[in-house]
DNA sequence: TACGGTTGGTGAACAGCGTTCACCAACCGG
DNA sequence: CCGGTTGGTGAACGCTGTTCACCAACCGTA
């Protein structure tokens with residue numbers, strides 16, 4: 013609960029983010045992180061209770077970043093859903109390791125900074141016209157596309173722009 | 013390439029599947045697997061080159077299983093897409109650890125048993141009317157729903173039946 | 001029948017992981 | 001000056017995947 017981090021703690025979270033994005037999850041070990049910051053591994057535990065807390069801090073930052081990116085994307089856009097999908101896809105492609113950390117495997121919401129997930133989700137709910145079921149379906153579609161794309165699950169010759177377009181059309185308010 | 017496994021090899025793959033489903037990915041270690049089969053860990057390497065090969069063998073089996081489940085689901089169904097979605101969702105819910113192993117993180121197709129992935133995908137392409145873009149979008153939607161559901165990412169009060177229905181309607185042939 | 005190669009097992013070891021422990025130096029307020 | 005907190009340390013524990021040298025049993029052939 014003492015969501016406040018020491019300056020060293022913030023430094024560690026920032027370094028973890030860099031390490032993760034540069035080398036992937038394998039590269040993000042407590043020893044390597046500590047080394048980056050010029051300290052030994054046990055010292056990390058003076059600032060963060062465990063590795064999960066470190067990851068949740070990185071994830072919280074990322075959700076906050078997502079929220080501002082999404083808000084900017086819909087701002088003044090005619091096709092809000094399309095703009096949002098583009099921003100979503102771009103975020104995942106630009107930060108694949110980070111996106112996987114955020115979305116892969118169960119997430120302990122209690123360890124996330126409060127409100128940060130809802131802030132990222134809000135523009136989508138608005139863009140589909142307030143229909144919660146449609147928002148969840150659209151989110152599932154976007155997440156599925158994004159994760160399958162960055163994981164290289166689609167055939168190399170697949171026209172992903174077309175698949176995205178097909179899904180976006182399906183969830184535009186009033187459709188289906 | 014010698015896709016043929018020794019009897020012991022098959023025994024190991026079967027035990028790995030049981031271990032994975034019972035205890036999750038943490039429980040699936042080479043030592044614990046070996047112990048289950050009454051052998052020591054280095055012995056496993058006489059039958060399988062490494063842990064990734066073991067996992068790919070489990071995944072190949074699972075895809076083959078999926079393929080027969082999906083074929084059975086669409087067989088004689090009026091709403092093929094709906095039937096397929098139900099079967100997909102049921103598979104993921106019934107085998108969450110297995111489903112995560114199959115779909116989470118990049119997959120080295122070269123290590124999969126040939127054709128097994130395409131066999132699982134075929135019924136969907138048919139159900140959606142042969143449109144590859146729509147099939148990919150529908151797959152992304154189904155995967156997104158399934159993985160978010162088994163990972164507990166939706167709010168506990170979310171009406172997931174409704175979200176599934178909304179997405180299925182969106183991808184029915186002719187829609188959008 | 002004796003021999004040689006393959007098959008499949010073993011214990012020991014290595015490097016790396018997250019984490020805990022006892023310890024200690026420096027700082028800071030009373 | 002003194003006591004407590006803060007933040008660092010090296011050593012260690014148990015776990016991981018994996019490699020190594022070794023060895024016993026089997027099996028086909030000379």
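Residue numbers (the numbering used here), protein chains in the order written: chain F, 13 to 188; chain W, 13 to 188.
No residue lacks a Cβ here, since even glycine has one placed at the ideal position from N, Cα and C.
**Request:** Could you tell me the distance, in whole angstroms, from the CA atom of residue 170 (chain F) to the CA atom of residue 96 (chain W)?
**Result:** 22 Å
**Message:** Does the contact criterion of 3 or more C-beta pairs under 8 Å hold for the segment 102 to 118 of chain W versus the segment 144 to 160 of chain W?
**Reply:** yes
**Message:** Using the three-state DSSP reduction, which class does residue 171 (chain W) fall into: helix, strand or coil?
**Reply:** coil
**Item:** Buried/exposed call for residue 57 (chain W), threshold 16 Cβ in 10 Å
**Value:** exposed
**Selected residue, minimal CA-CA separation from residue 176 (chain W), among W:163, W:146, W:150** = W:150
**Asked** Is the segment 77 to 94 of chain W in contact with the segment 46 to 57 of chain W, if contact means three or more CB pairs nearer than 8 Å?
**Response** no
**Asked** Which of helix, strand or coil does DSSP assign to residue 176 (chain W)?
**Response** helix
**Request:** With a floor of 4 residues, list each alpha helix (DSSP H) that falls wholly inside the segment 42 to 110 of chain F, ordered by position along the chain.
**Result:** 42 to 49, 53 to 56, 63 to 86, 92 to 106
**Prompt:** Looking only at C-alpha atoms, which of F:166, F:101, F:60 sits nearest to residue 85 (chain F)?
**Reply:** F:101
**Message:** Please list, in chain order, the chain F residues whose beta carbon lies closer than 7 Å to that of residue 157 (chain W).
**Reply:** 152
**Prompt:** Residue range of the alpha helix (DSSP H) that residue 135 (chain W) falls in?
**Reply:** 128 to 139
**Prompt:** DSSP three-state call for residue 156 (chain W): helix, strand or coil?
**Reply:** helix
**Request:** Taking only the alpha-carbon atoms, compute the straight-line gap between residue 144 (chain W) and residue 167 (chain F) and give it to the nearest angstrom.
**Result:** Between residue 144 (chain W) and residue 167 (chain F), the C-alpha separation is close to 11 Å.
**Prompt:** Is there a Cβ from chain W that is less than 8 Å from the Cβ of residue 179 (chain F)?
**Reply:** yes
**From F:77, F:87, F:121, F:32, residue whose alpha carbon lies closest to that of residue 164 (chain W)** = F:121
**Message:** By the 7 Å beta-carbon criterion, what residues does the segment 165 to 178 of chain F contribute toward chain W?
**Reply:** Sequence-ordered contacts of the segment 165 to 178 of chain F with chain W read 165, 166, 170, 171, 174, 175, 178 [C-beta pairs closer than 7 Å].
**Request:** Under 7 Å Cβ to Cβ from residue 46 (chain F), same chain only, skipping five residues before and after it: list those, please.
**Result:** 52, 53, 55, 56
**Message:** Taking the alpha-carbon of residue 40 (chain F) as reference, which of F:181, F:133, F:124, F:67 has the nearest alpha-carbon?
**Reply:** F:67
**Request:** Using a Cβ cut-off of 7 Å, pull out every chain F residue sitting near residue 160 (chain W), in sequence order please.
**Result:** Within 7 Å Cβ-Cβ: 152, 155.
**Request:** Output yes if chain F places a C-beta closer than 8 Å to the C-beta of residue 113 (chain W); else output no.
**Result:** no
**Cβ of residue 72 (chain F) within 8 Å of any chain W Cβ** = no
**Request:** Please go through the same chain and pick out, in chain order, the residues whose beta-carbon is closer than 8 Å to the beta-carbon of residue 32 (chain W), but skip the five residues on each side of it.
**Result:** 39, 40, 70, 109, 110, 113
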